[in-house]
Amino acid sequence: MEGETSAVNIVETPKERKGKAPLLAAPPGGSSSSKAVPVVVKPAATKGGYRRGLAVFDVVLRIAGVATALGAAIAMGSTDQTLPFFTQFFQFKASYDDLPAFTFFLIANAITASYLVLTIPISIVCILRPNATKPRVILMFFDTVMVALTTSAAGGAASIVYLAHNGNSDANWPAICQQFNDFCQKISGAVVASFLSVVILMALVVLSAFSL
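Sequential numbering from 1 applies to the sequence shown in full-length UniProt numbering.
In structure tokens:
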């Protein structure tokens with residue numbers, strides 16, 4: 001509009017402030033010193049590393065299971081004792097194949113040992129691929145089957161071992177371990193080793209469940 005002029009105010013920067021960064025305002029509270037905020041660094045461990053560690057322990061347990069199951073089968077298969085006092089017509093002999101429970105025990109533990117050997121490569125795959133779930137599901141399923149097989153074999157053999165040590169007066173079954181001492185020691189050791197295999201197989205099932 002005519003007769004009106006607009007004035008522009010120009011603020012001139014002082015010379016001593018040119019080219020310098022503006023001063024930082026002091027923090028509220030009157031303190032000029034700034035406090036450092038602590039930074040919490042979380043561990044670098046991931047689920048993959050956790051599962052890889054479980055897979056390594058899984059391999060170790062399978063190797064131990066092979067040793068116990070194979071030891072139980074070998075101990076039972078080599079159980080044979082003949083008493084020194086015998087005649088030309090009579091021999092007093094005790095062998096594992098005289099009882100079907102001991103034969104089943106031998107076969108079941110041999111199957112368990114073979115199974116654990118065959119599953120070691122699958123467990124190694126779980127180390128290389130810790131996030132893979134399909135191999136772990138397969139291992140957990142068949143480990144559960146082996147738990148049932150080995151437990152039934154060890155339980156059946158344990159009942160026969162008990163009768164061999166103590167007999168049964170109601171059924172008129174005498175104890176034979178006083179005469180066949182070596183035979184009873186071997187079958188007892190085989191049963192203990194088989195139950196150790198059961199514990200290892202149960203631990204493998206739990207490990208697979210935790211990994212999943």
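Just so it is clear, CB atoms sit at the ideal spot from N, CA and C, and this is done for glycine as well.
Self-check item: Alpha-carbon to alpha-carbon, Ile120 and Ser208
Solution: Numbered from 1 along the sequence shown, position 208 holds the residue referred to as residue 208. Numbered from 1 along the sequence shown, position 120 holds the residue referred to as residue 120. One alpha carbon belongs to Ser208, the other to Ile120, and they sit about 14 Å apart.
Practice problem: Ignore the nearest five residues each way along the sequence and tell me which others in Leu149's own chain have a CB closer than 8 Å to its CB. | Solution: As a first step, residue 149 is located in the sequence shown; it is residue number 149 there, counting from the start. So the list reads Ala108, Ile111 and Thr112, once near-sequence residues are dropped.
Exercise. Look up Gln178 in the DSSP assignment and say whether it is helix, strand or coil.
Key: For the purposes of this step, residue 178 is taken as the residue at position 178 of the sequence shown. The answer is coil: DSSP assigns Gln178 none of H, G, I, E or B.
Quiz prompt | Opposing strand residues paired with Asp80 [DSSP bridges] | solution = The residue labelled residue 80 in the question sits at position 80 within the sequence shown. Asp80 pairs with Ser95.
Quiz item: Would you call Pro100 buried or exposed, if buried means 16 or more other Cβ atoms sit within 10 Å of its Cβ?
Solution: As a working note, residue 100 is residue 100 in the sequence shown. Result: exposed.
Exercise. Please look up how many angstroms separate the CB atoms of Ala73 and Leu118, rounded, as I've assumed it's under 8 Å.
Key: In the sequence shown, the residue the question calls residue 73 occupies position 73. In the sequence shown, the residue the question calls residue 118 occupies position 118. The Cβ separation is near 16 Å, so there is no contact.
Practice problem: Tell me whether the beta-carbon of residue 238 lies closer than 8 Å to the beta-carbon of Leu139. | Solution: It is not possible to answer for residue 238, since the shown part of the chain is limited to 1 through 212.
Quiz item: So Gly167 is in the alpha helix (DSSP H); what residue range does that whole segment cover?
Solution: Residue numbering aside, residue 167 sits at position 167 when the sequence shown is read from its first letter. Unbroken run through Gly167: none, as it is neither H nor E.
Quiz item: Between Ser211 and Leu196, what straight-line distance do the alpha-carbon atoms span, to the nearest angstrom?
Solution: Taking the first residue of the sequence shown as position 1, residue 211 is located at position 211. Taking the first residue of the sequence shown as position 1, residue 196 is located at position 196. Rounded to the nearest whole angstrom, the C-alpha separation of Ser211 and Leu196 is 23 Å.
Quiz item: Do Ala75 and Gly189 have their C-beta atoms within less than 8 Å of each other?
Solution: Translated into positions along the sequence shown, residue 75 becomes position 75. Translated into positions along the sequence shown, residue 189 becomes position 189. Cβ distance < 8 Å, so Ala75 and Gly189 count as in contact.
Quiz item: Going by C-alpha distance, which of Thr68, Val205, Ser194 and Ile200 is nearest Val137?
Solution: Position 137 of the sequence shown, counting from 1, holds the residue named residue 137. Closest by alpha carbon: Val205.
Quiz prompt | Alpha-carbon to alpha-carbon, Gly49 and Gly65 | solution = Position 65 of the sequence shown, counted from the first residue, corresponds to residue 65. Position 49 of the sequence shown, counted from the first residue, corresponds to residue 49. If you take the alpha carbons of Gly65 and Gly49, they lie about 24 Å apart.
Quiz item: How would you call Ala69, buried or exposed, if buried means at least 16 neighbouring beta carbons within 10 angstroms?
Solution: Taking the first residue of the sequence shown as position 1, residue 69 is located at position 69. Ala69 is classed as buried because its beta carbon has at least 16 other beta carbons within 10 Å across all chains shown.
Quiz item: What's the gap between the Cα of Gln81 and the Cα of Asp182?
Solution: Sequence index remark: in the sequence shown, residue 81 carries index 81 (1-based). Sequence index remark: in the sequence shown, residue 182 carries index 182 (1-based). Those two C-alpha atoms are separated by around 7 Å.
Quiz item: When the Cα atoms are used, what is the spatial distance from Thr133 to Phe102?
Solution: By one-based count along the sequence shown, residue 133 stands at place 133. By one-based count along the sequence shown, residue 102 stands at place 102. Distance between the alpha carbons of Thr133 and Phe102: 38 Å.
Exercise. Identify, in the order they occur along the chain, each residue of the same chain with its Cβ nearer than 7 Å to the Cβ of Ala175, setting aside the five sequence neighbours on each side.
Key: Locating residue 175 in the sequence shown gives position 175, counting from the first residue. Residues Ala164, His165, Asn166 and Gly167 of the same chain have their beta carbon placed closer than 7 Å to that of Ala175, with the five preceding and five following residues left out of the count.
Quiz item: How close, in whole Å, do the beta carbons of Leu61 and Ile200 come, if the pair is a contact with beta carbons under 8 Å?
Solution: Working through the sequence shown from its first residue, we reach residue 61 at position 61. Working through the sequence shown from its first residue, we reach residue 200 at position 200. Rounded, the Cβ-Cβ distance is 5 Å, consistent with contact.
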